[in-house]
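Below: one structure, written as structure tokens.
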Amino acid sequence: MLVIELLVLSVIAIEYAERKWKDRQRARRLSHLQVLFTEGQDIQTGVPSGQPSEEVCLAWDTSVRDWVSKTYVYLRDECSPQASARFSVNTGGPPGVRYPFAALRVHGMYVKLLERMDSLRIIIETPDSYL
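At the far end of the sequence shown sits residue 153, using this note's numbering, and the numbering has no gaps.
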């Protein structure tokens, strides 16, 4: 009888430890995703406006591409295929919407950034589905 009770307690302890481990991993992933989201917001607020030089537009465009690539790789390698697929959804943005504060040369990339930011927000808000 004592052996059975010890086995049951061992199984409960193992399941508890496994659950705690998974919770810590998920919290670590969420924390990293929030850092990536903040980086994306910083890029978003730095969008060139007016008539910026080609160098400014190219630098901003490169920062968006680097952020998208880094975020996608993290989602693919550390989170789940569902998360990376959700992040990659490309709808082209709302039809006919123009963001007048974004320079014309970077408008397409700005729309792409907004889509990726929205996808990342959804992933963060619904971790049970994606992490």
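Even glycine gets a Cβ: it sits at the ideal position worked out from N, Cα and C.
These numbers come from a predicted model, not from an experiment.
- Straight across, the Cα-Cα distance linking S110 with L29 is about 46 angstroms.
- Contact check for A124 against P74 fails: the beta carbons are separated by 7 angstroms or more.
- Apart from the 5 residues on each side of it in sequence, I26 has no Cβ closer than 8 angstroms to any other Cβ in its chain.
- In the three-state scheme derived from DSSP, where H, G and I count as helix and E and B as strand, F59 is classed as helix.
- Each of T113, L153, L97 and K134 was checked against the Cα of I65, and the nearest Cα belongs to K134.
- Annotation for Y132: V69, Y121 and A124 place their beta carbon closer than 7 angstroms to its own, counting only its chain and skipping 5 residues before and after.
- Counting C-beta atoms within 10 angstroms of its own C-beta, W89 has 16 or more neighbours from the protein chains shown and is therefore classed as buried.
- Between Y94 and L58, the beta carbon gap of about 10 angstroms keeps them out of contact (Cβ cut-off 8 angstroms).
- Of V78, D140, I144 and W43, the smallest CA-CA separation from G114 is found for D140.
- Straight-line measurement puts the Cα of A81 at about 19 angstroms from the Cα of R138.
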